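These notes concern the structure reproduced below.
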Ligand SMILES: CC(C)(COP(=O)(O)OP(=O)(O)OC[C@H]1O[C@@H](n2cnc3c(N)ncnc32)[C@H](O)[C@@H]1OP(=O)(O)O)[C@@H](O)C(=O)NCCC(=O)NCCS
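In UniProt numbering, the protein residues as written are 1 to 163.
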């Protein structure tokens, strides 16, 4: 997708928290955290989060944070695109916008976790690595037995260099 002029990428405000929470539920894939958590991210971590909207409607979001133990890294926690807007390049545009947020701009490493069955998310991060000529290292992180029964494992992706 070319950067569609009608889609706006901006930092979230606390007015977006409940809508992000609803979109997370709509994806049917993401872990649904409490609304409070999304409000907190939109308020205190807004310099490492992005929302994509079109005519005031939320099409996608990404949340993340700098990792206190690895200051060179920006950690992308969740990304979600409205089911009607998936597969059109919006995910890639959101990750690019995420990497240019005030809190991520000087990071050299992108980290995230992905479940083994999530082909769309793997495709997204492989595509981001490819366009930057970055290497992708995949390693064990949270095994399925770290979670309650029925939750898949989360593998760690380290993508560098991202600049
Ligand atoms: C994962 C997700 C964010 C990707 O966003 P998207 O807008 O659909 O993806 P894009 O259109 O930008 O595609 C990015 C790349 O992934 C690939 N891709 C997209 N969907 C795919 C799928 N189902 N299987 C394999 N590859 C896929 C695309 O081909 C593209 O690669 P390319 O540039 O080499 O062609 C979106 O599908 C989503 O919200 N899924 C539900 C929530 C989720 O799983 N989030 C990630 C876990 S945190």
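Note that CB positions come from ideal geometry on N, CA and C, so glycine has one too. Model, not experiment: these values are computed from the prediction.
Check: residue i C-beta below 7 Å from any heavy atom of ligand 1
i: residue 51; result: no
i: residue 46; result: no
i: residue 118; result: yes
i: residue 79; result: yes
i: residue 86; result: yes
i: residue 121; result: yes
i: residue 195; result: Any property of residue 195 remains undetermined from this structure, which presents the chain solely from 1 to 163.
i: residue 150; result: no
i: residue 64; result: no
i: residue 27; result: yes
i: residue 127; result: yes
i: residue 114; result: yes
i: residue 92; result: yes
i: residue 103; result: no
Cβ pair residue i, residue j closer than 8 Å
i: residue 62; j: residue 42; result: no
i: residue 72; j: residue 108; result: yes
i: residue 155; j: residue 113; result: yes
i: residue 133; j: residue 98; result: no
i: residue 163; j: residue 111; result: no
i: residue 90; j: residue 52; result: yes
i: residue 66; j: residue 74; result: yes
i: residue 83; j: residue 48; result: no
i: residue 57; j: residue 35; result: no
i: residue 129; j: residue 138; result: no
i: residue 46; j: residue 11; result: yes
i: residue 20; j: residue 59; result: no
i: residue 152; j: residue 116; result: yes
i: residue 118; j: residue 50; result: no
Identified DSSP bridge partners for residue i
i: residue 58; result: 53
i: residue 157; result: 112 and 138
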